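Written out below as structure tokens is the structure these notes cover.
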Amino acid sequence: MHLLSLLLLASVLLPLGPGAWAAGNAPLPSIEALLQMEIEGAARFSQPLADAPASVTVIPASEIRQHAYRTPGEALQTVRGVYTSYERDYSYLGVRGFARPGDYNTRVLMMTDGIRRNDPLYDSAMIGTEAPIEMDWVKQIEFVPGPASALYGANAVFGVANAVLWSGADIDGHRVTAEAGSGRMARLAYLAGRRHDGGGDWLLGLSLQGRHGDDLYFAGFDAPGVGNGIAHRRDGERTIKAIAKFSAGSWRFDAGYATRYKNVPTGYYGTVFDAPGNFLNDQTAYADLGHSHEIATALSGKLGLRAGSYRYDGQFVYAPALNGDKASANWVGADYTLSYGGIAGHRLLAGIELQSNHQLRQRNFDIEPRFTYFDDSRAASSAGLFLQDEWRIGQRWLVNLGLRADRIAGFSAVSPRAALIHHPLPEATIKLIYGRAFRPPNTYERYYNDGNITQKANPDLQPERNTTYELAADYALSRALRLSGSYYRYRLDRLIDQVVDPADGTQIFINREAVHAQGLEVEAELLLGSGIRLKGSVARQQVRQPFGDAINSPRLMGKLLFEAPLFSDAWTVGMTLRAMDRRYGTAGEVAGHVVGNLVLRRARRDSLGSLSLAIYNAGDTAYFDPAATSVAAGAVQQDDRQLRLIWELPY
Amino acid sequence: MQAVRAILTAGIGLLLACHAATATAGPTEGEIKAAATVNFLLFVRWPAPRTPDASLRLCTLADAAMTPELERYDGTTVQGMRLSLRRIGRDLGEVRLCDAIYVERHNPHELPRVVAATRGQPILIVAEGENALQRGAIVALATSGARIAFDINLSAARAAGLNLSAKLLRLARSVAE
Chain A
1 MHLLSLLLLA
11 SVLLPLGPGA
21 WAAGNAPLPS
31 IEALLQMEIE
41 GAARFSQPLA
51 DAPASVTVIP
61 ASEIRQHAYR
71 TPGEALQTVR
81 GVYTSYERDY
91 SYLGVRGFAR
101 PGDYNTRVLM
111 MTDGIRRNDP
121 LYDSAMIGTE
131 APIEMDWVKQ
141 IEFVPGPASA
151 LYGANAVFGV
161 ANAVLWSGAD
171 IDGHRVTAEA
181 GSGRMARLAY
191 LAGRRHDGGG
201 DWLLGLSLQG
211 RHGDDLYFAG
221 FDAPGVGNGI
231 AHRRDGERTI
241 KAIAKFSAGS
251 WRFDAGYATR
261 YKNVPTGYYG
271 TVFDAPGNFL
281 NDQTAYADLG
291 HSHEIATALS
301 GKLGLRAGSY
311 RYDGQFVYAP
321 ALNGDKASAN
331 WVGADYTLSY
341 GGIAGHRLLA
351 GIELQSNHQL
361 RQRNFDIEPR
371 FTYFDDSRAA
381 SSAGLFLQDE
391 WRIGQRWLVN
401 LGLRADRIAG
411 FSAVSPRAAL
421 IHHPLPEATI
431 KLIYGRAFRP
441 PNTYERYYND
451 GNITQKANPD
461 LQPERNTTYE
471 LAADYALSRA
481 LRLSGSYYRY
491 RLDRLIDQVV
501 DPADGTQIFI
511 NREAVHAQGL
521 EVEAELLLGS
531 GIRLKGSVAR
541 QQVRQPFGDA
551 INSPRLMGKL
561 LFEAPLFSDA
571 WTVGMTLRAM
581 DRRYGTAGEV
591 AGHVVGNLVL
601 RRARRDSLGS
611 LSLAIYNAGD
621 TAYFDPAATS
631 VAAGAVQQDD
641 RQLRLIWELP
651 Y
Chain B
1001 MQAVRAILTA
1011 GIGLLLACHA
1021 ATATAGPTEG
1031 EIKAAATVNF
1041 LLFVRWPAPR
1051 TPDASLRLCT
1061 LADAAMTPEL
1071 ERYDGTTVQG
1081 MRLSLRRIGR
1091 DLGEVRLCDA
1101 IYVERHNPHE
1111 LPRVVAATRG
1121 QPILIVAEGE
1131 NALQRGAIVA
1141 LATSGARIAF
1151 DINLSAARAA
1161 GLNLSAKLLR
1171 LARSVAE
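Taken in sequence, the protein lines are chains A and B.
Just so we're aligned, residue 1 is where the first sequence starts under my numbering, counting upward by one.
Just so we're aligned, residue 1001 is where the second sequence starts under my numbering, counting upward by one.
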């Protein structure tokens, strides 16, 4: 397929030779000449995610490796106030006290290299093994909490996560990674890239992973007449992921493909427990083209074209029949952004974004005997227009004003954002933010029904609107210590929530009455000599809703991250610890927990490569995450101690 | 799926076309910024010779991506001194040994710590980003469209005991007092 042609391309491009700027004592161009040179390459497309350090978290590749984060969700789990829940089907992200069961991470915008990756059918940010990227393609993950619809449109309600991926210049060669671990897990990955002085930067990556999974115990299925509660190796998964990135001159191109096949052991949706054949297959494919150009002095434009495809294929085993659940989404989009720096003290950004989801299809049917309960196909389009000004006032103040108007599937939204940033000292930042964000109901929430057996539609759903006020501060006391904190309040109108209709026991999404929440987060980071690093955070939040207790909303969360060299310079140890308060689940309270990971790493030695031994849930803690109503028990037990050996050879 | 394939094919075709039309090598942002940074060193006067071996030490932080581009100038003669590139640890313990330090913008938490660590010392802080001056840099390197531009904070330079030549101030996009 195209994968093969890309790999053939790699073998052709690799040997291509050296170029204009020789190593060693290079001639130094004059400043006058440098100011006239035009930048080539992908860097022209990058845009920093945050206007100030306050509240932003950056997780660089060195940290990803030191703690052996396996998925974007695992990395985001170390961010203050952020938590994940895993139901053995998908991973769910909670930010600012929100992680609603049945919601596929619709309130966080996920991007790779600054391009939106939430699919247009579920609006989901895929952060687990189903994510479209592998962690060894990541140069850094950036997370900024808070409303960002003023710039990015729908779904940027509680935060934006951007995974900046490597470019060929960063890799400059090849890398092979081999992993083996608990649950009979193995992974093989290859990454290659190079920047050619002749103009051209390319990156290719391929990753294959499989895991058989362990025997898992589910108390709810341990009953006479039912069974002993053990799902025998029904938690396996396989992933294949590929990426290709090219940039040359003022063009950039990237494409990706990911497929994950996962068995689900929980007996969810009333399926037969411990039966083979309960699986989910998620496939994503995307291709983007970008061009950046100078229009006039200090005025530049960027054009982006993108196409994407998402396929979901689920099989559910019921006693009388095998049920198939499928969805597919195809989309194309275009965007144009203008950047103007001609007015002293101002940096203006204006843009338009268009997307056509020309196919949004959902189906539910019994495979044997063939019977279709539901087959819905529709198209939708969206358009967004935004304007932003970053206004530097003197040496100490910065005002960031943004406004975006969106029209999505018949809904309109206007999202303003205003931020006032002050530096009492250069190394201190105080930020005051007001923002409105929205998220429209997605096609799944509005229209999905499986013959009204477990779920029914609600076409009258309205978009959620969120209004947030936030005060954040960041201060580097010394070279060793940084302190950070934020206080926020928000109001969420017309929250889209999944409930069980008491009349017929089916799940349905409805708009709720207003929800109010406030939270306080503090963080400290200490960097001592000889590579010792300690980062701790505490997040306290409270969600108040007039319709019962907030599900999966911990009032208190603590995080600790530790890195230190061990023995000599060669080995380092990394440890993460997370403390989670008890949470309400859909079927009762879920106990709190403290869980830690430990990673021992021997950094790269040229001929031998680097080796990491990762112990996830090092304390072998038994802990649960709240689950959606599809899981009768209302909670799913998480993995016990898991080991993984990771070997990486760059050459 | 068709659209994905279409753009995929377009991209491959584009790459091949670009390769066929090689022509002059375009410099990357890193190469231009690295050359600019070394240039800045030509226009700065430090209060007193800080090293016995007459070397000018330019530091980058451990994770810095631009280090290879800067390393090309290692050994170059700057103002009669030998330019020496040093990679210092994230904890900035060795920052006192630097004459100049380059701070990238990919992690906004680095610059405040560098500023806190170099208070009152004659160390030239060159940082990337539009708002780097407000956050303590002496020279801020930004991109204006497809070109670079730099801004200078003169009072920060004076506070550090550094003297910047008039020529540099003339070429700057803006000079803050």
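Even glycine gets a Cβ: it sits at the ideal position worked out from N, Cα and C.
All of these numbers come straight from a predicted model, not from anything done at the bench.
Item checked: Three or more C-beta pairs below 8 Å linking the stretch 342 to 360 of chain A and the stretch 1082 to 1101 of chain B -> no
Note to self: Between GLN541/A and chain B, is any beta-carbon pair separated by less than 8 Å?
What the structure shows: no
Checklist line | Alpha-carbon spacing of LEU1041/B relative to GLY249/A, whole angstroms | finding: 29 Å
Checklist line | Chain-ordered chain A contacts of ASN1107/B [CB-CB under 7 Å] | finding: VAL58 and PRO60
Item checked: Neighbourhood of SER537/A by C-beta distance below 6 Å, restricted to the same chain and skipping five residues each side -> ARG80, GLU523 and LYS559
Next item on the list: Give a yes or no on whether the minimum CB-CB distance between TYR1073/B and chain A is below 8 Å.
Entry: Chain A contact via Cβ: present.
Checklist line | Proximity below 8 Å, CB of VAL636/A to CB of GLU87/A | finding: GLU87/A sits close to VAL636/A, with the two beta carbons spaced by under 8 Å.
Notebook entry, point to check: Out of ALA1116/B, ARG1147/B, ASP1151/B and GLY1120/B, which has the shortest C-alpha to C-alpha gap to ALA1127/B?
Noted result: ASP1151/B
Check: Can you tell me whether DSSP reads PHE374/A as helix, strand or coil?
Finding: If DSSP states are grouped into helix, strand and coil, PHE374/A belongs with the strands.
Check: Using DSSP with H/G/I as helix, E/B as strand and the rest coil, what is ILE453/A?
Finding: coil
Next item on the list: Going by DSSP, name the residue or residues bridged to GLY592/A.
Entry: BP columns for GLY592/A are empty, so no partner.
Notebook entry, point to check: In three-state terms, what does DSSP make of TYR488/A?
Noted result: In this structure, TYR488/A counts as strand in the three-state DSSP scheme.
Margin query: I believe ASP474/A touches THR429/A by the beta-carbon criterion, under 8 Å. Please report the beta-carbon distance rounded to the nearest angstrom.
Written below: With a contact defined as Cβ atoms closer than 8 Å, ASP474/A and THR429/A qualify at about 5 Å.
Notebook entry, point to check: Do you know offhand how far LEU216/A's Cα is from GLN638/A's?
Noted result: 10 Å
Note to self: Assuming contact is defined by CB atoms lying nearer than 8 Å, are LYS139/A and ALA61/A in contact in what I supplied?
What the structure shows: yes
Margin query: Along the stretch 203 to 229 of chain A, where does the CB come closer than 7 Å to a CB of chain B? Name the residues.
Written below: Among the residues of the stretch 203 to 229 of chain A, none has a Cβ less than 7 Å away from any Cβ of chain B.
Margin query: To the nearest angstrom, how far is the alpha carbon of ARG107/A from that of VAL157/A?
Written below: 5 Å
Notebook entry, point to check: Considering only residues of the same chain and omitting the five flanking positions on each side of VAL144/A, which have a CB-CB separation below 7 Å?
Noted result: LEU49, ALA50, SER55, VAL56, GLY159 and VAL160
Notebook entry, point to check: With 16 other CB atoms within 10 Å as the buried threshold, where does VAL590/A fall?
Noted result: buried
Next item on the list: Could you pull the start and end residues of the beta strand (DSSP E) that ASP170/A belongs to?
Entry: Unbroken run through ASP170/A is the alpha helix (DSSP H), 168 to 171; no beta strand (DSSP E).
Note to self: Less than 8 Å between the beta carbons of THR576/A and ALA564/A, yes or no?
What the structure shows: Against a cut-off of 8 Å, the Cβ pair of ALA564/A and THR576/A comes out as no contact.
Checklist line | Beta-bridge partners of ILE1138/B, as assigned by DSSP | finding: ILE1138/B is not bridged to any residue.
Note to self: Does any residue of chain A have a CB that is nearer than 8 Å to the CB of ASN1163/B?
What the structure shows: Chain A, which has no Cβ nearer than 8 Å to the Cβ of ASN1163/B, makes this no.
Notebook entry, point to check: With C-beta atoms as the reference, is GLY574/A less than 8 Å away from GLN77/A?
Noted result: no
Notebook entry, point to check: Alpha carbon to alpha carbon, how far is ASN1131/B from THR337/A?
Noted result: One C-alpha to the other measures close to 21 Å.
Checklist line | VAL226/A in three-state terms, based on DSSP | finding: coil
Next item on the list: Ignore the nearest five residues each way along the sequence and tell me which others in GLY531/A's own chain have a CB closer than 6 Å to its CB.
Entry: PRO565
Note to self: Helix, strand or coil for GLY324/A? Go by DSSP, reduced to three states.
What the structure shows: strand
Next item on the list: Under 8 Å by Cβ, that's how I've got LEU652/A and TRP137/A pegged, so tell me the actual separation to the nearest angstrom.
Entry: Past the boundaries of the shown model lies residue 652/A; chain A is included only from 1 to 651, so the question cannot be answered.
Item checked: Run of the beta strand (DSSP E) containing ARG311/A, from where it starts to where it stops -> 299 to 317
Note to self: Please tell me whether LEU1133/B and ASN1163/B are closer than 8 Å, where the distance is taken between their beta carbons.
What the structure shows: no
Check: Helix, strand or coil for LEU1154/B per DSSP?
Finding: helix
Next item on the list: Alpha carbon to alpha carbon, how far is THR259/A from GLY210/A? Give it in angstroms, no decimals.
Entry: The alpha-carbon of GLY210/A is positioned some 12 Å away from that of THR259/A.
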